[in-house]
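Residues 1 to 222 (UniProt numbering) make up the sequence shown, in order.
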Amino acid sequence: MKSFSVAIDGPAGAGKSTVARQVADRLGLTYVDTGAMYRAVTWKALREQVNPSDEVAVTRLAQQTQIDIHPTDIWVDGVRVTEEIRSPEVTAQVSAVARIPGVREALVEKQRAIAQKTGVVMDGRDIGTYVLPDADVKVFLTASIEERARRRYLEMMRRGFSANLEELKEAIRRRDEADTTREHAPLRKADDAVEIDTTSRSIDDVVERILELCRTKVGGGE
Ligand code: CDP
Ligand code: CDP
Numbered sequence: 001m002k003s004f005s006v007a008i009d010g011p012a013g014a015g016k017s018t019v020a021r022q023v024a025d026r027l028g029l030t031y032v033d034t035g036a037m038y039r040a041v042t043w044k045a046l047r048e049q050v051n052p053s054d055e056v057a058v059t060r061l062a063q064q065t066q067i068d069i070h071p072t073d074i075w076v077d078g079v080r081v082t083e084e085i086r087s088p089e090v091t092a093q094v095s096a097v098a099r100i101p102g103v104r105e106a107l108v109e110k111q112r113a114i115a116q117k118t119g120v121v122m123d124g125r126d127i128g129t130y131v132l133p134d135a136d137v138k139v140f141l142t143a144s145i146e147e148r149a150r151r152r153y154l155e156m157m158r159r160g161f162s163a164n165l166e167e168l169k170e171a172i173r174r175r176d177e178a179d180t181t182r183e184h185a186p187l188r189k190a191d192d193a194v195e196i197d198t199t200s201r202s203i204d205d206v207v208e209r210i211l212e213l214c215r216t217k218v219g220g221g222e
């Protein structure tokens, strides 16, 4: 399935990376976490004390940064940053960085280059609408904000961090708002994407539904 591509978009905590990773494993495709790339640039900006809203400086930084994404690890200029890019500091600033057109251009170029070389399951906010408009299968995952905040809360607990459910909910709401209202490639469902509400569906259930969409596509049913 070399050139097959699956685009998975949706808001924070909808379950994109969890199901995308499993779908990629099951189909033998490469999983590409585009959110990790925006997080990587944000991490570097914070580390180099570049103001995340300085468009010129952050664009230059994005163009000059070597980002290597593997299914389980992310490297920035040869440094492994898999855990660091998930920190609350990076999470709080990432949408400001992701709204800069020059940053998006630099990262979208990398994302398309990967999808040209190999079959992918790519997750993000603008994959079906902008990065891979001709993807074979497009999925838009949603879930209620209460459920998405609850999932993030449980995740933080599992990782040994303290967390406040109401604060997490507010942070997710703010990020959703920034991602859906930005000018360049905002978060929205592609017209031809299949929407799946994951609020009360298990991970396995969602994975099976996406695999079914892929099988239908390969079989010429859609
Ligand atoms: O995993 P989570 O849903 O928390 O976020 P993520 O997928 O790691 O993405 C982090 C942020 O990067 C998002 O809130 C967006 O601001 C940005 N992003 C984007 O603009 N476009 C993408 N294709 C992926 C992420
Ligand atoms: O990538 P995104 O921000 O959309 O979400 P995620 O990081 O894949 O999922 C957030 C959390 O929700 C993870 O801990 C998943 O195990 C969990 N999850 C769930 O409980 N039920 C689902 N149907 C999907 C994800």
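Even glycine gets a Cβ: it sits at the ideal position worked out from N, Cα and C.
- The beta carbon of ARG209 sits closer than 7 Å to those of ILE196, all from its chain and outside the five residues before and after it, given in chain order.
- If the five residues before and after ARG86 are omitted, its C-beta is found closer than 8 Å to the C-beta atoms of ARG39, all from its own chain and listed in chain order.
- With 16 or more neighbouring CB atoms inside 10 Å of its own CB, ASP179 falls in the buried class.
- Here the region 25-34 does not lie against the region 57-67, with fewer than 3 beta-carbon pairs under 8 Å apart.
- Going by DSSP, SER17 is part of the alpha helix (DSSP H) stretching over 16-27.
- 8 Å or more divides the Cβ of VAL121 from the Cβ of VAL207.
- In the three-state DSSP reduction, ILE85 falls in the helix class (H, G or I).
- Taking a cut-off of 8 Å for Cβ pairs, the region 161-170 and the region 104-120 do not touch, as fewer than three such pairs fall below it.
- Within the same chain, Cβ atoms closer than 7 Å to the Cβ of VAL94 are found at TYR38, ARG39 and THR42, the five residues on either side in sequence being excluded.
- Per the coordinates, the alpha-carbon of TYR153 lies some 14 Å from the alpha-carbon of GLY15.
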